[in-house]
Amino acid sequence: MELLNIAPSYQKYADYLVDTYICEEAKFPPIIWASNIASLGLTTNACESYHSRFNSEFYHPHPTIYHFLDVLKGFQTETLIKIKSIHLKKRKSTINKNRLETFQQIFEDYRQNKIDRKGLVSSLSYKYKKKLSKQVES
Numbered sequence: 012m013e014l015l016n017i018a019p020s021y022q023k024y025a026d027y028l029v030d031t032y033i034c035e036e037a038k039f040p041p042i043i044w045a046s047n048i049a050s051l052g053l054t055t056n057a058c059e060s061y062h063s064r065f066n067s068e069f070y071h072p073h074p075t076i077y078h079f080l081d082v083l084k085g086f087q088t089e090t091l092i093k094i095k096s097i098h099l100k101k102r103k104s105t106i107n108k109n110r111l112e113t114f115q116q117i118f119e120d121y122r123q124n125k126i127d128r129k130g131l132v133s134s135l136s137y138k139y140k141k142k143l144s145k146q147v148e149s
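For the sequence shown, counting from 1, position 36 maps to 47 in the numbering used here; every step adds exactly one.
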């Protein structure tokens with residue numbers, strides 16, 4: 012609230028952000044641009060993810076036209092494969108499937124107020140701690 016007293020124009024900007032991106036009736040609601048927290052992806056946006064992957068293909072600011080075209084062809088091939096295989100059921104390993112189900116159950120318990128924030132963090136960190144200790148033993 013102190014910030015609004017200093018610069019009331021921030022209120023207009025904050026209202027714009029809420030009305031455009033945050034509330035459920037927004038022009039671009041979170042369901043469009045934010046991913047499910049349980050997915051544990053590195054980005055929350057498909058465009059951001061694509062751009063990051065695309066940029067990682069280039070090792071200097073001005074690649075040769077041949078390298079640039081090779082990268083574009085590679086992305087096109089990958090996209091076509093994904094489009095043609097979209098009807099195929101994606102297989103998940105049992106370990107990843109069980110881990111995802113466990114994470115989703117923990118998050119659901121948190122949403123339903125069955126556990127508090129401390130319980131959420133300790134439950135998730137226990138899972139990671141257990142996995143980490145197995146890797147150290149190996």
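Built from N, CA and C at the ideal position, the CB exists for glycine as well.
- According to the DSSP assignment, I76 belongs to the alpha helix (DSSP H) that extends over 76 to 95.
- Each residue's CA atom was taken as its position, placing V82 and P72 some 14 Å apart.
- Judged by DSSP in its simplified three-state form, N56 adopts coil rather than helix or strand.
- Boundaries for K38: no alpha helix (DSSP H) harbours it, and the DSSP string shows neither H nor E there.
- In the DSSP assignment, Q123 falls outside any alpha helix (DSSP H), carrying neither H nor E.
- Under the DSSP assignment, L28 falls in the alpha helix (DSSP H) whose first and last residues are 20 to 28.
- Collapsing the DSSP output to three states places L99 in coil.
- The C-alpha of L91 lies about 25 Å from the C-alpha of T75.
- When rounded, the separation of the alpha-carbon atoms in Q22 and A57 is 30 Å.
- Secondary structure of H71 (DSSP, three-state): coil.
- C-alpha of L28 to C-alpha of N66: approximately 28 Å in a straight line.
- When the five nearest sequence neighbours on each side are left out, the beta carbons in the same chain lying within less than 7 Å of the beta carbon of Y121 are those of L131, in order along the chain.
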